[in-house]
Amino acid sequence: MTTGDERLVEIGMGRRLLRRPEVGAVIGAAAVWLFFALIAPENWVSLGGLARILDPASTLGIMAIAVALLMIGGEFDLSTGVMTGTTGLVAGLLSTRMGWNLWPAMFIAFIFALVVGYLNGVMVIKTGLPSFIVTLATFFVLRGANVGVTRLVTEQVYVGGIDKTAGFESARTVFNIGVSLFGVEWRSSILWWVVVTAIASLMLLRTRYGSWIFATGGDAEAARKAGVPTARVKISLFMTTAAAAWLVGMMNIVRLRS
Numbered sequence: 065m066t067t068g069d070e071r072l073v074e075i076g077m078g079r080r081l082l083r084r085p086e087v088g089a090v091i092g093a094a095a096v097w098l099f100f101a102l103i104a105p106e107n108w109v110s111l112g113g114l115a116r117i118l119d120p121a122s123t124l125g126i127m128a129i130a131v132a133l134l135m136i137g138g139e140f141d142l143s144t145g146v147m148t149g150t151t152g153l154v155a156g157l158l159s160t161r162m163g164w165n166l167w168p169a170m171f172i173a174f175i176f177a178l179v180v181g182y183l184n185g186v187m188v189i190k191t192g193l194p195s196f197i198v199t200l201a202t203f204f205v206l207r208g209a210n211v212g213v214t215r216l217v218t219e220q221v222y223v224g225g226i227d228k229t230a231g232f233e234s235a236r237t238v239f240n241i242g243v244s245l246f247g248v249e250w251r252s253s254i255l256w257w258v259v260v261t262a263i264a265s266l267m268l269l270r271t272r273y274g275s276w277i278f279a280t281g282g283d284a285e286a287a288r289k290a291g292v293p294t295a296r297v298k299i300s301l302f303m304t305t306a307a308a309a310w311l312v313g314m315m316n317i318v319r320l321r322s
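Structure below.
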């Protein structure tokens, strides 16, 4: 191969690389970081500033990963945000009003989230309605239930006193403890974000189930005829999104103590 041919190959590889959507996302993120680093270097360039930014971003990142998997599968869930509050409400009421240890209360909240995710998936599959409509209805039902139950039980708009329940300290250690590294305190929520990202990436790119997700989102009917259990894939993705909402909800209640 001549030098000219090698240059053409390099140019072709460079163009293919630039066409990948991941590159655009990385360039955009780098541009945003550079902009804020120039106007507020003390918050964006230092490790302390990075830790303060990543802590609240971790919960959004976990939810974004779960919703991204669902979108790759061809569906969408509008109820994920309110689900975080609902799971926190379930765990909070069981622990503060009924005297439960926080861990069993969290487990019941987890089961509740999975049931709601399952029902979302089943309704989308059985009715044929767009997931946007189904999950929007779920959003309003859960939001109304959150406000109604909270005001009925506590006569307020929140459930307080979670930090005084049994099991709170161990739950805080798992979901939101601070770990000192390089002289900076990093919250465990950031580690959860890294773990969820790694698991989702490996599952999506290295497993048969990941291939099923791509096939279902690309052409569900063709995938079904090819033997892919598209209905089960979609239902499981709705349940995965609900589970991610539960995780974020548990992080929020130990962080806010309410």
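The numbers in the sequence shown follow my numbering, run straight up by one, and end at 322.
Note that CB positions come from ideal geometry on N, CA and C, so glycine has one too.
Owing to the predicted nature of the structure, the values given are computational and were not obtained by experimental measurement.
| query | result |
| --- | --- |
| Within 8 Å, strictly: CB atoms of residue 108 and residue 115 | no |
| Whole-Å CB distance - residue 292 paired with residue 306, under 8 Å assumed | With a Cβ gap of about 22 Å, residue 292 and residue 306 do not count as contacting. |
| Beta-carbon proximity check, residue 142 vs residue 199, cutoff 8 Å | yes |
| Nearest neighbour of residue 335, chosen from 146, 231, 290, 225 [CA to CA] | There is no way to answer for residue 335, as the model of the chain reaches only from 65 to 322. |
| Closest by C-alpha distance to residue 187, when choosing among 303, 228, 308 | 303 |
| CA nearest to the CA of residue 300, picked from 89, 243, 140 | 140 |
| Buried or exposed (CB count within 10 angstroms, at least 16 for buried), residue 92 | exposed |
| Rounded separation between residue 258 and residue 316 - CA only | 17 Å |
| Cβ neighbours of residue 180 in the same chain (closer than 6 Å, five flanking residues each side left out) | 306 |
| Cβ pair count under 8 Å reaching 3, the stretch 170-180 against the stretch 282-290 | no |
| Status (buried if at least 16 other CB within 10 Å, exposed otherwise) for residue 103 | exposed |
| Runs of alpha helix (DSSP H) lying entirely within the stretch 197-274, each at least 4 residues, in chain order | 232-240, 252-270 |
| Under 8 Å between C-beta atoms of residue 160 and residue 212 | no |
| Residue burial classification, residue 192 (beta-carbon count within 10 angstroms, cutoff 16) | exposed |
| Backbone CA spacing between residue 229 and residue 166 [nearest angstrom] | 7 Å |
| The stretch 143-160 contacting the stretch 194-208, beta-carbon criterion three pairs below 8 Å | yes |
| Burial state of residue 157 (16 or more Cβ within 10 Å) | buried |
| DSSP three-state assignment for residue 140, whether helix, strand or coil | coil |
| Between the CA atoms of residue 243 and residue 121 - distance to the nearest angstrom | 17 Å |
| Straight-line Cα distance separating residue 97 from residue 189 | 41 Å |
| Alpha carbon of residue 89 to alpha carbon of residue 265, nearest angstrom | 16 Å |
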